[in-house]
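Reading through the structure tokens given below for one structure.
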Amino acid sequence: MFLYCLQRVGDSMNTQLNQFNALLKRSGKSCILNNSTTKVSGIFKEIDDKAKEIDTKYFYTTMPLKQGDMISYNNITYIVITLNQSINNVYSIYVIRECPFYLNYWCGDTLKVTPIFVDTKVFDTASTTYMQLADGQVYITVQSNNYTNLINLNDRMIKFGYAWKVIAIDRTITGILKLNCKVDGFINGDDEKGEIPIHTVATHTYVVTVTPSSIPNLSVGSTQQLTASVTEDGTAINNATFTYTSSDTTIATISTSGLVTAVKAGSVTITVAYNNHTATVSITVISSTPTASYTLNGSTVLKVGNTGTWTVLNSDGTTPTESFNFTVSDTNKATKQGTTSNSVTLKGVTYGQIKLTATDSNGISCWKVISVQNGW
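Per our numbering, the sequence shown starts with residue 13, numbered consecutively.
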């Protein structure tokens, strides 16, 4: 018997759902939810509220909505002003109210626009009647969101040919803000026609700092982590996101996390940016740390008028693969007659002493002191 009752209840719910879906297909309207790409299908039903000079409706839908959600249909925007009333878990009924006006307001330094409705009366729960607000006051109702929640006391707005100042904010209703506004005078800079109050964009000082601030010697193949930070008016900004760029990626590259990798010898500048604020790091990339060792083989004596040859060998006696540049400390005493990749031929010119130096492309050198003597 109990199972039979459950089955009858289930059958009843399925019947209601089928009936509602049929009604939704026949009379439902496809609406835009919260000015997004999300669509909500529902049925509008009028509420007799002409005496209150407002437009409220019932909205039937299977989609769960929240108090404060905005529903747009046929270029008219409504706001959900009551929590849902669920009918047998099949569909829900909401009370929505038309927002016939739009309000310009400043959110920080950004001008925002939001749909609103306006009341000049408030409901008195004691007398269960609507009471007129004090002269020069209105209630402006807006959706509560990340932007409107930044509206503060004494903020100014322009609507209906008047300037208004927020004198109280009711945040007790989930999803909805009620702004108690009082008539205020216009001031120089107000855009009365465009209904935009004057606003002075705040100026802030940002300082980007990078550690280390320079890297004078970074060997090819090595890495160096850069650490960036930024302050706003002297206060650190937590979890800031930076962008890193290299002036020459053939010399050094940098990752999105600030890791520098040296590619080849040269100079490069890394720019670290937070929005439009930057700092730079100068880097000098040097060749890898030398590991080779050479000897310069040949006589320590060169006769005037004679020639001699000196050859560079690895310390183990093998021939190096590197090419060498040979320099003579005093070309008045000896001159180069010819070179190969690892040898040089000198000719003695006049009596004295010279230093012969051989240097490879990595800057590794070996040398020998040679005595130039008169021949006999």
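Backbone N, C-alpha and C define an ideal beta-carbon position, used for all residues, glycine too.
Residues of the same chain with a CB within less than 8 angstroms of the CB of G187, apart from the 5 flanking positions on each side, are K78, Q79, G80, D81, V92, Q155 and S156 in chain order.
Comparing C-alpha distances from V272 to each of Y256, Y286, V134 and A285 shows the shortest one belongs to Y256. Assigned with DSSP and collapsed to three states, L145 falls in coil, not helix or strand. By the Cβ rule, the segment 270-288 counts as touching the segment 225-238, because three or more pairs are nearer than 8 angstroms. The criterion of a C-beta distance shorter than 8 angstroms is not satisfied by K194 and Q144. Taking a contact to require three or more Cβ pairs closer than 8 angstroms, the segment 345-356 and the segment 313-333 qualify as touching.
Per DSSP, the continuous beta strand (DSSP E) segment holding H289 begins and ends at H289 to I298. Nearest Cα to N354 within the set I199, N101, V213 and N309: N309.
Judged by beta-carbon spacing, I298 lies within the 8 angstroms limit of S231, meaning their Cβ atoms are closer than that value. When rounded, the separation of the alpha-carbon atoms in P224 and V293 is 8 angstroms. DSSP places L325 in the strand class (E or B) of the three-state scheme.
It is roughly 15 angstroms from the alpha-carbon of F129 to the alpha-carbon of V178. Collapsing the DSSP output to three states places R38 in a helix. Under the three-state reduction of DSSP output, F32 falls in the helix class.
Counting of Cβ neighbours within 10 angstroms places E204 among the exposed residues, the total staying below 16. In this structure, I99 keeps its C-beta atom at 8 angstroms or more from the C-beta atom of V52.
Between N337 and T371, the C-beta gap is smaller than 8 angstroms, which places the two residues in contact. Rounded to whole angstroms, F172 and I163 show a C-alpha spacing of 19 angstroms. DSSP places M75 in no beta strand (DSSP E); its state is neither H nor E.
It is roughly 38 angstroms from the alpha-carbon of N200 to the alpha-carbon of Y85. Within the same chain, Cβ atoms closer than 7 angstroms to the Cβ of T132 are found at Q144, L145 and V150, the five residues on either side in sequence being excluded. Taken through DSSP and simplified to helix, strand or coil, N229 comes out as strand.
CA-to-CA, the gap between K124 and I181 works out to about 18 angstroms.
In the structure shown, N100 adopts coil according to DSSP, grouped into three states. Taking the Cβ atoms as the reference, H216 lies roughly 5 angstroms from E244, within the contact range of under 8 angstroms. For the options V220, S267, A264 and V275, the alpha carbon positioned closest to that of A252 is the one of V220. When secondary structure is reduced to three states using DSSP, T212 falls in the coil class, being assigned neither helix nor strand.
Exposure of G197 is indicated by the presence of fewer than 16 other C-beta atoms within 10 angstroms of its C-beta.
In the DSSP assignment, V340 falls within the beta strand (DSSP E) that extends over N337 to V340. Contact check for G387 against K315 passes: the beta carbons are separated by less than 8 angstroms. Rounded to the nearest angstrom, the gap between the Cα atoms of V340 and T333 is 22 angstroms. DSSP, reduced to helix, strand and coil, places T122 within a strand of the structure shown.
Shown here for I44: same chain residues with a beta carbon closer than 6 angstroms to its own, the five before and five after excluded, namely S84 in chain order. For T27, the secondary structure class from DSSP, reduced to helix, strand or coil, is helix. For E244, the enclosing beta strand (DSSP E) stretches over residues T239 to E244. Per DSSP, I263 lies in no beta strand (DSSP E) and is assigned neither H nor E.
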